[in-house]
Amino acid sequence: MKLITLGFLIVLIGMLVLLAGVFSMAYQSWKTSGVEGGAEKPETTVRGGGVIMIGPIPIIFGSDMGAVKVAVLLAMVLLLLAFALFYLPRWLL
35 MKLITLGFLI
45 VLIGMLVLLA
55 GVFSMAYQSW
65 KTSGVEGGAE
75 KPETTVRGGG
85 VIMIGPIPII
95 FGSDMGAVKV
105 AVLLAMVLLL
115 LAFALFYLPR
125 WLL
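Heads up: the sequence shown begins at 35 in this note's numbering, then just goes up one per residue.
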């Protein structure tokens, strides 16, 4: 597989994951939009976190420790994937 094909494949997979996330959020919003019998919605909390990769250096942020732990795991996976793709010999691809 040529590198250009691999690059296009990774971009396509990223777009599909993004599209699946949008549809998932829309479905979840549609599913929980109705209030039954005038009952109040239960109070929910929002948790979030993320990873920004600047080269090989991850910047990790989150609203609580659980989100930060997930972001750290994500950063490790992204870092290992970046190093694996960078150091793989061309004859393997």
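Glycine included, C-beta positions come from ideal geometry on N, C-alpha and C.
| Item | Value |
| --- | --- |
| Where Gly83 falls: helix, strand or coil (DSSP) | strand |
| Selection from Leu114, Leu46 and Ser97 that minimises the alpha carbon distance to Gly137 | Nothing in the structure corresponds to residue 137, since the chain is present only between 35 and 127. |
| Cut-off 6 angstroms between Cβ atoms - residues of its own chain near Val111, not counting five sequence neighbours on either side | none |
| Close-in-space but distant-in-sequence residues of the same chain around Ile86 (CB under 6 angstroms, 5 per side omitted) | Ile93 |
| Member of Ile44, Val80, Ile38 and Leu122 whose CA lies at the smallest distance from the CA of Gly100 | Val80 |
| Candidates Gly84, Ser97 and Ala118, of which the one nearest Leu107 by Cα | Gly84 |
| Between the CA atoms of Thr66 and Met35 - distance to the nearest angstrom | 44 angstroms |
| Simplified DSSP assignment, three categories, for Gly89 | coil |
| According to DSSP, residues forming a beta bridge with Gly96 | Gly83 |
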